[in-house]
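Contents: one structure, followed by commentary.
Numbering (the working numbering), first residue to last: 2 to 552.
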């Protein structure tokens, strides 16, 4: 039998997302809501966002865009990204965004896949965007500059404010949706991380987003004394990513929590913003906690305002979680999700205190099953591949029915590819990705486990583990970034020897340790296993040639 959420069943509205966020008859606040972390005098209130986003929706409609057409963003964070998001989604159009770190090849792939009707591009990236659309054969007329300040034309590309229709915006009515329309109308197309190949567009409905916001807000407020004390969030997570969109646009707006928006992540600027604005809650990814724990500059800043951090998007060891929680004095809880679950599938309540490394319990209205290698459901304490079902499960992949059918079955179960285990209290732990497990003499070795152990070493700043195939065997191999202060003082062999006292023999780094400048990661914090596998393959070929040359 599937595992069910232990939380109460929630009655979740099914409507246009903006009608959920701005309920009819409600009065929007004039308090600053999205604030420029570099210049706090530059901000948008809820009432301003409502007016701007309606103007944008109306302007898009007046250009001839039909509901269901795609508007794409290619920009770093700034305070007008929520305006564009709400204007696009509220008008019945489809929002999508590209990583501002994309190369030309990656940008061309996403534009070609999406076929957007309008592209909003930060001024810094206009030349790249113009080159990308030219390669596909699209017109520059689709592109508009998109910034928090007015822009003069560049390469013939005009400012997005030309699309705004301010007159009559107050009277403009977003399209209303029936429950069925809310369930089926695509609000956003967020691209999966692409750790195992080219990113795929994930279609998320209005109902999906409302449900996931509802579920996560429940976890934030359940059993806490209301009203909650003043909360302040830091918007450093990229808003092209599902994690940033759900928390820093949707939940912050619904809960009226001010967000100090960082245009780019610079670690010391991040610490400075926490100290300056007395940030109370962080949405984290594990690499940030690693930096907070290991970087000497952290001790220069006062982080005492922090009370809570939610860490998700990639595995976090209980050792690092507990070390940081004790050192910095704020509660750290974990959650679990993926682009295909809109954002979240499991999580801890904000009041929970956990020292076990658990990702928490199933969110409300969510169920799961764990399937072993023989296709059988397993019970408490037994690992299995995690399948999820709930109102937040995405509609499928954009223009990729085959991938959709492979990931989501006819009964609505999403195959996550993650190996999990559950205890009798309903708490879950992710052991590893199914496809990433290393088979050593019949034993399964989880890279995430070895990475967590390696991060306990005082000399190691970061680590990524992968299997290297050599002489018909697969062996664990670590790519390690060394702390600046330790460079020249420690050798790869020292790390190989150090780990032997901490893991079983079959988990030894027999495949070797390689020092690298940095471990390849996505901005979400996920290690790019594909890159590690490519490194390991080349290393194995080189090692094989050396062996053959000696014969």
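Cβ atoms here follow ideal geometry from the backbone N, Cα and C, with glycine treated the same way. It should be emphasised that the depicted structure is a prediction, and the values quoted were computed from it without experimental measurement.
Secondary structure note for residue 48: its alpha helix (DSSP H) is the uninterrupted segment 47-63. As the crow flies, the alpha-carbon of residue 252 is around 37 Å from that of residue 376. Looking at the DSSP output, residue 362 bridges to 348. Distance from the CA of residue 542 to the CA of residue 316, rounded to the nearest whole angstrom, comes to 30 Å.
Around the beta carbon of residue 381, fewer than 16 other beta carbons sit within 10 angstroms, so the residue counts as exposed. The region 382-389 makes no contact with the region 19-31; the number of CB pairs closer than 8 Å stays below 3. Closest by C-alpha distance to residue 479, out of 298, 174, 469, is 469.
Look at the beta carbons and you see the region 173-186 not touching the region 141-150: under three pairs across the two are nearer than 8 Å. In the pairwise beta carbon analysis, the region 444-452 is classified as not touching the region 407-415: fewer than three pairs are separated by under 8 Å. For the 8 Å CB-CB criterion, residue 98 and residue 74 form a contact.
By DSSP's assignment, residue 204 forms a beta bridge with 190, 397. Here residue 165 has 56, 57, 60 as same chain residues with Cβ atoms under 7 Å from its own Cβ, once five neighbours each way along the sequence are excluded.
Of the candidates 516, 143, 14, 484, 516 places its Cα closest to the Cα of residue 533.
Given a length threshold of 3 residues, each whole run of the beta strand (DSSP E) inside the region 407-434 is given here in chain order: 415-423, 429-434. Shown here, residue 140 sits in coil according to DSSP, grouped into three states, outside any helix or strand.
Beta-bridge partners of residue 282 (DSSP): 234, 309. Here the alpha carbons of residue 427 and residue 368 stand approximately 11 Å from one another. Cα atoms of residue 299 and residue 329: separation of roughly 10 Å, rounded to the nearest angstrom. By DSSP's assignment, residue 385 forms a beta bridge with 421.
Bounds of the beta strand (DSSP E) holding residue 37 are 33-37. In the three-state reduction of the DSSP assignment, residue 13 falls in the coil class, being assigned neither a helical nor a strand state.
In the DSSP assignment, residue 146 forms a beta bridge with 122, 160. Our two residues, residue 402 and residue 93, have alpha carbons roughly 23 Å apart in a direct line. CA-to-CA, the gap between residue 212 and residue 392 works out to about 6 Å. Residue 17 counts as buried, since no fewer than 16 other beta carbons sit within 10 angstroms of its beta carbon.
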